[in-house]
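Numbering (UniProt numbering), first residue to last: 1 to 75.
A virtual CB, placed ideally from N, CA and C, is assigned to each residue, including glycine.
Given the structure is predicted, the values throughout are model-derived calculations rather than measurements.
First the structure, in the form of structure tokens, and then the observations on it.
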Amino acid sequence: MVEIDCLGEICPVPVMMLKKHQQAIRSGEKVLLVTDHSCARNSITEYCDKANLRCSIQEVINGVWEISIEASLPD
1 MVEIDCLGEI CPVPVMMLKK HQQAIRSGEK VLLVTDHSCA RNSITEYCDK
51 ANLRCSIQEV INGVWEISIE ASLPD
């Protein structure tokens, strides 16, 4: 699993950092993106929807989210 530390980074940086790992995700790698910026939850979700990726979000402590991203299963 690839971990992307986006603590302290504001949008659009988390999405840009995720895009750098898109090929690995398509190859089956899972990505865990950690952020403390609430707008990143929405922007990552929107990006995943457009890129046909699955993501799940968990607030691990107050104000810190872990976003798990992986390739969608083929239809």
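{"Query": "Under 7 Å Cβ to Cβ from I25, same chain only, skipping five residues before and after it: list those, please.", "Result": "V31, L53, I69, E70, A71"}
{"Query": "Beta strand (DSSP E) containing L53: first to last residue?", "Result": "53-61"}
{"Query": "Does the Cβ of L73 have 16 or more other Cβ atoms within 10 Å, making it buried, or fewer, making it exposed?", "Result": "exposed"}
{"Query": "Nearest to P12 by CA position, among V2, S43, E29, L33, is which residue?", "Result": "S43"}
{"Query": "Would you kindly report the start and end of the unbroken beta strand (DSSP E) that includes L73?", "Result": "From DSSP, L73 is part of no beta strand (DSSP E); its letter is neither H nor E."}
{"Query": "Alpha carbon to alpha carbon, how far is I4 from E66? Give it in angstroms, no decimals.", "Result": "10 Å"}
{"Query": "Nearest CA to the CA of V15: which residue from I57, R41, V64, M1?", "Result": "R41"}
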